[in-house]
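**Student:** What follows is a structure written as structure tokens; I'll ask about it next.
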Amino acid sequence: MTTPHSFGKSLFELLSSMRFAISLLSILAIASVIGTVLKQAEPYANYLFQFGPFWFEAFRKLGLYDVYHAAWFLVILLFLVVSISVCIWRNAPGFAREMKSFREHVTDRSLAAFKHKHAAEFTHAPEALADQAQHYLEGQGYTVRRLTRDDGLLLAAKAGSWNRLGYFLAHSAIVLICIGGLMDGNLIFKAQQLLGYKKIETRDIPQSEVPPISRLTPDNPSFRGSVQIPEGSSADVVFLNVADGYLVQDLPFTIALKQFRIEHYSTGQPKNFESDVEVFDHTGKKVRKATIAVNHPLIHDGIAIYQASFADGGTRLDIRGWNLFAPTASPFPVEGTVHQNTRLTSPAGDYTLEFVDFRPFNIENMGEEDAPKNNAMSVFGGSPVASDKHMRNVGPSFQYKLRDTRGQAREFSNYMLPLELDGRWYMLSGVRETPNESFRYMRMPLDPDGSLDTFMRLRGALLNPELRPEIASRFARETLPKSAWGSDTEDKLKFSASQVLALFADGGFTALGRFIEEKVPAAERDKAAATYLRILELSTFEALHIANRDAKLPPPASDDATGWLVRDSLNSISDLFVYGSPIYLQLLQFDEVKASGLQLTRSPGKSVVYFGSLLLTLGVFFMFYVRERRVWLRVRPGHALLAMSSNKHTIDFEKEFAQHVHALDTLAR
Amino acid sequence: MELVLNPPAPLLKRLSWFDWLFAVIAAAGGLYALAHYNEYMDVYEKGILLATIPALAIFGWYWKPFRTLFIVVGAVSLFALGQYDGNLARMEEAFFLKYLISSQAAIMWMCALFGLATLTYWGGMLGRSGFALKTATGLTWSAVALGWVGLMVRWYESYLIGPDVGHIPVSNLYEVFVLFCLITAMMYLYYEARYQTRQLGALVLVVISAAVGFILWYTFDRGAHEIQPLVPALKSWWMKLHVPANFIGYGSFSLSAMLGAGYLLARRGILASRLPSLDIIDDMMYKAIAIGFGFFTIATILGAMWAAEAWGGYWSWDPKETWALIVWLNYAAWLHIRLVKGLRGPMLAWWAVIGLFVTTFAFLGVNMFLSGLHSYGSL
Ligand code: HEM
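Top to bottom, those sequences are chains A and B. Position in the first sequence (first residue = 1) + 168 = this note's numbering. Position in the second sequence (first residue = 1) + 38 = this note's numbering.
Set out below in structure tokens:
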């Protein structure tokens with residue numbers, strides 16, 4: 169006999185059952201784990217790369233890239249809300265009655281069935297005992313009702329009714345919080361999207377060209393979006409990231425960034441981010457001026473504006489380019505702006521130069537770790553005062569991508585200022601193939617004038633095949649005593665030098681190494697390598713002589729510094745073979761423009777959630793710390809029966825019962 | 039016998055001269071701090087400091103041993119501050135600072151004492167020695183006192199490093215682990231006195247020792263004890279409320295897990311004759327989870343309010359937030375299981391033990407394995 173009525177009834181039973189509630193809470197907890205393990209709201213390309221096309225699609229269908237807004241997750245939440253509501257609905261009448269009632273209708277038989285009961289015999293008048301007992305119970309915080317019964321009377325007492333109130337508060341609070349959260353969710357947009365009124369924009373186009381179907385109007389009741397504003401610019405929209413695209417949210421005002429500041433601690437870590445902003449209404453009238461900082465948002469027109477991030481806002485860069493394919497050519501000027509692209513033509517093909525970022529300073533750890541000091545503190549793990557002596561600002565750097573015509577790009581990060589490493593000065597340029605790698609740094613030595621000119625000149629001479637015979641013969645003459653000039657030995661030396669120079673010019677140390685491996689028996693390789701290296705270094709020194717002469721400069725000094733310059737140059741030239749760029753860009757000057765990342769939110773549900781939270785806290789503490797108890801004292805001439813009950817039988821309850829028993833015995837005596 | 043019948047006197051009438059002395063000392067300490075350090079506090083922080091005074095007083099009236107602890111910690115900390123005399127280098131020169139009560143020394147002594155207390159509790163329980171158990175309680179109290187001294191002095195040291203670097207020492211994993219040990223130990227000490235049983239210390243101190251092990255590894259291997267300036271997102275008065283509330287939650291959940299373990303052992307007859315009865319363990323477990331749940335609820339709400347101010351939304355489903363929710367749901371489920379007749383007993387104990395893993399993941403695992411807005415606490 170399954171009538172609709174009884175089906176409804178069993179659904180009601182199920183939804184309000186404690187076991188169902190426990191299952192829901194557990195399922196919700198487990199479902200929540202997913203979104204913490206799988207990074208949410210990444211660009212879809214990342215997921216595709218991570219999972220492959222099949223699983224990518226499967227996970228997308230399950231909504232795993234935005235679990236907490238997936239339909240099935242919302243359904244679990246909905247079940248929780250329904251379950252709690254039904255539960256309140258079911259318990260409300262009973263609990264409310266119970267809060268008011270003294271349960272004065274207990275019969276002698278039901279009292280006798282209580283687990284916590286105690287009988288006492290007494291001799292004096294029942295009224296007197298009842299008076300004393302009532303006085304005692306009231307002293308203990310009970311409210312007492314006194315009823316006459318056939319052969320005596322009944323005291324019905326209760327305390328801690330607010331425990332039940334706690335139940336209502338806490339559980340309706342959960343419903344309230346979920347409603348508040350829903351108000352701030354994107355349900356309206358979801359519905360509009362489903363009905364085809366709105367569509368996610370996935371193209372990378374200027375904001376002004378985004379069509380109305382992907383725009384939200386300023387009266388949208390709730391949103392949370394972000395925008396980057398360069399100094400001196402303004403914005404009247406924010407961007408909402410949704411799935412694999414975005415939406416444009418039009419704002420009811422325009423916000424302009426005057427200045428963005430970063431304060432630093434002495435150790436170089438950032439201490440504060442601040443934006444000086446001005447707010448204009450749509451007629452262009454300035455209505456507000458304020459400074460926004462982390463933890464100090466601005467609230468304007470019901471919209472809260474937060475300091476969320478920062479970036480470069482289009483710093484202008486003044487650059488000297490070195491052509492690495494035509495090393496004898498003089499450097500050329502390049503002008504660039506961060507976030508913009510420049511075309512570049514080189515003998516090796518056409519490139520697009522994409523300026524990615526600029527950093528006005530870089531704090532690097534320039535020293536070795538301190539050896540643990542041998543003092544008392546080291547037993548305790550050392551002083552808690554951080555030793556930051558090695559942290560140093562090594563000056564500005566900028567980042568760019570060099571993209572060839574096939575679309576392949578390498579990313580470079582160049583420091584503007586030279587760095588001192590092992591006591592000598594270099595220019596550093598980092599390179600990487602993908603954003604996930606860290607930069608590998610190539611260092612180019614500076615000459616005593618602090619310039620790259622010598623290195624570039626030397627590199628030109630070394631890689632120039634026309635100069636090779638002259639270098640080789642200078643090398644031979646310098647190495648041999650005058651008496652051996654013109655001998656076979658000189659010819660052999662010349663030949664060796666030419667060969668080493670040609671190999672090196674072909675592929676640096678790698679080419680030399682490969683040659684040795686192919687041509688020299690294993691036993692003699694070390695020796696051969698040492699000899700070749702010696703020949704190469706001495707020849708390079710001669711090449712420097714020739715390069716200086718051709719540039720009409722005085723010959724290089726034969727000192728340690730030149731020796732190191734030669735060695736460093738060789739290393740650097742060799743590294744340049746794997747550098748993968750036809751140019752090296754040296755930053756000369758910059759004009760910094762910063763951008764502030766602001767987040768703007770309108771969340772009407774917030775006050776609902778906060779109110780719910782307050783109720784939840786109160787409710788939880790009422791339920792835990794207001795103990796609901798009831799006491800009955802049935803008094804008949806010569807005989808009294810004490811019974812006690814509570815919705816929670818803890819040890820405290822047992823203790824209190826023992827105390828009441830003791831009190832009754834005392835009164836009865 | 040009249041006593042039984044008289045209604046309990048109102049709280050204020052039950053207070054002894056020591057209670058009042060303690061309240062006066064707490065107020066004097068708070069007002070002294072307000073007078074001397076107000077330039078480092080904003081209006082909310084001053085409010086928190088002022089509200090702390092009555093909170094401390096009432097807490098001390100309610101839990102009497104806290105009064106002594108507070109006074110001892112306060113006196114020793116002030117002594118340490120005096121030894122510094124505004125000069126950090128004194129850490130390596132002044133005898134007391136160098137060997138005892140500079141923050142790092144005190145915290146390492148805390149670690150050592152917790153280790154000793156654990157061994158002593160075990161010895162006392164296995165050997166049924168009341169004296170050893172009493173000693174273990176004493177050791178735990180000393181560890182707690184030194185730990186608090188360490189944190190207090192560390193607070194001061196951070197300002198000596200630089201007025202802009204100074205901050206309350208609850209800002210990174212190292213500091214909150216110390217806090218965790220202290221809170222867990224204090225909660226245990228409270229129940230130990232209340233239930234008149236010392237045997238459970240052996241179990242509870244195991245989880246504290248594990249935390250101590252982590253602190254030692256973190257110090258010696260990673261140098262994590264170094265005081266670092268706060269990242270901008272943490273520079274907020276909310277931190278003073280959110281973090282301690284959270285750690286009351288974590289501490290009591292860990293406590294309940296160890297009680298759960300005790301319950302399961304005793305039920306299988308292991309150590310049964312040495313542990314308190316199942317009912318007592320069950321009751322303690324419930325009390326611990328109730329306190330934990332209450333404070334964890336508050337902590338999560340405070341966290342949401344802080345997030346609303348710092349990140350622009352009260353709930354972002356950031357991994358740390360989400361794990362806080364998972365922990366919270368887990369214990370909500372626990373509380374409801376307790377209300378179902380057939381499910382109590384070992385099921386609850388198991389659930390509490392498993393809860394420890396959930397909790398540990400929430401406050402350690404998330405920082406180690408997952409990234410998100412809370413990533414300042416990473417290992
Ligand atoms: C996130 C969801 C929930 C939270 C945080 C929550 C919280 C609580 C708390 C803290 C208690 C007190 C436990 C105690 O005193 O030991 C409680 C009791 C209770 N809860 Fe929930 N609850 C939730 C969901 C539910 C649901 C879905 C139901 C019903 C299906 C439910 C029904 C009850 C009932 C009947 C009690 C017992 C009240 C009493 O007898 O005093 N709860 N809840």
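Here a beta-carbon is modelled for each residue, glycine too, at the ideal position from N, C-alpha and C.
#1: Would you grab the beta carbon distance between L669(A) and S707(A) for me? Rounded to a whole angstrom, and I think it's under 8 Å.
#2: Does at least one heavy atom of the ligand HEM sit under 6 Å from the Cβ of A434(A)?
#3: At 4 residues or longer, and completely inside the region 758-825 of chain A: list those alpha helix (DSSP H) runs for me, N to C.
#4: Nearer than 6 Å: is that true of the beta carbon of M148(B) relative to any heavy atom of the ligand HEM?
#5: List the residues of chain B that V201(A) touches, going by C-beta distances under 7 Å, in chain order.
#6: Using a threshold of 6 Å, is the CB atom of N437(B) nearer than that to any non-hydrogen atom of the ligand HEM?
#7: DSSP state of Q121(B), grouped into three classes?
#8: How would you list, in chain order, the residues of chain B whose beta-carbon sits under 7 Å from the beta-carbon of R392(A)?
#9: According to DSSP, is K453(A) part of a helix, a strand, or is it coil?
#10: Within 7 Å of any Cβ in chain A, is that where the Cβ of S426(B) sits?
#11: Helix, strand or coil for G334(A) per DSSP?
#12: By DSSP, does G112(B) sit in helix, in strand, or in coil?
#13: Give the range of the alpha helix (DSSP H) segment to which Q567(A) is assigned.
#14: At which residue ranges does the region 223-302 of chain B contain complete alpha helix (DSSP H) runs of 4 or more residues, listed in the order of the chain?
#15: Does S514(A) come out as helix, strand or coil in the three-state DSSP assignment?
#16: Run the CB neighbour count on M406(B), radius 10 Å, all protein chains shown included, and call it buried at 16 or more, exposed below.
#17: With DSSP collapsed to three states, give me the class of A346(B).
#18: At which residues does the alpha helix (DSSP H) containing Y82(B) begin and terminate?
#19: Is G332(B) near S290(B), with beta carbons less than 7 Å apart?
#20: Just mark E824(A) as buried or exposed, buried being the case when its beta carbon has 16 or more other beta carbons within 10 Å.
#21: Give the DSSP bridge partners of N491(A), in chain order.
#22: To the nearest angstrom, how far is the alpha carbon of W255(B) from that of M129(B)?
#23: Tell me, which residues are paired with V599(A) by DSSP?
#24: Go through its chain and collect everything with a Cβ distance to W653(A)'s Cβ below 7 Å, but skip five positions before and after it.
#25: Start and end of the alpha helix (DSSP H) containing P637(A)?
#26: Closer than 9 Å between beta carbons: that is the criterion. Which residues of the region 295-307 of chain A meet it against chain B?
#27: Would you verify that the beta carbon of H280(B) is, or is not, closer than 7 Å to some beta carbon of chain A?
#28: Beta carbon of C219(B): closer than 6 Å to some heavy atom of the ligand HEM?
#29: Can you name the start and end residues of the alpha helix (DSSP H) that N354(A) belongs to?
#30: For I467(A), is the classification buried or exposed, using 16 other Cβ atoms within 10 angstroms of its Cβ as the cut-off for buried?
#31: If the cut is a Cβ gap below 7 Å, which residues of chain A does T235(B) touch?
#32: Indicate whether A296(A) and V803(A) have their beta-carbon atoms separated by less than 7 Å.
#33: If you check the beta carbons only, do I63(B) and I109(B) fall under 7 Å apart?
#34: Tell me the rounded alpha-carbon separation between A539(A) and S477(A).
#35: If the cut is a Cβ gap below 7 Å, which residues of chain A does E347(B) touch?
#36: With distances taken between CB atoms, is the gap from K457(A) to E446(A) smaller than 7 Å?
**Tutor:** Taking the geometry as given:
#1: 6 Å
#2: Here residue 434(A) is Ser; the residue named in the question, Ala, does not match the sequence. Because no heavy atom of the ligand HEM lies under 6 Å away, the Cβ of S434(A) does not count as near it: no.
#3: 773-793
#4: no
#5: I364
#6: This structure gives no information on residue 437(B), because the portion of chain B shown stretches from 39 to 417.
#7: helix
#8: G350 and G351
#9: coil
#10: Because chain B here runs from 39 to 417, residue 426(B) falls outside it and cannot be looked at.
#11: helix
#12: helix
#13: Run containing Q567(A): none in the alpha helix (DSSP H); it sits in the beta strand (DSSP E), S565 to D572.
#14: 239-258
#15: strand
#16: exposed
#17: helix
#18: V81 to Y100
#19: no
#20: buried
#21: I751(A)
#22: 22 Å
#23: F580(A) and R608(A)
#24: R645
#25: R636 to T647
#26: Q300, H303, Y304, E306 and G307
#27: no
#28: no
#29: Neither: N354(A) is in no alpha helix (DSSP H) and is coded neither H nor E.
#30: exposed
#31: Residues of chain A passing the Cβ test: none, with the nearest at roughly 12 Å.
#32: no
#33: yes
#34: Confidence is the limiting factor: at A539(A) the pLDDT is only 48, short of 50, which leaves the residue's position unreliable, though a coordinate-based value still follows. Their backbone Cα atoms lie some 37 Å apart in a straight line.
#35: N463 and P465
#36: yes
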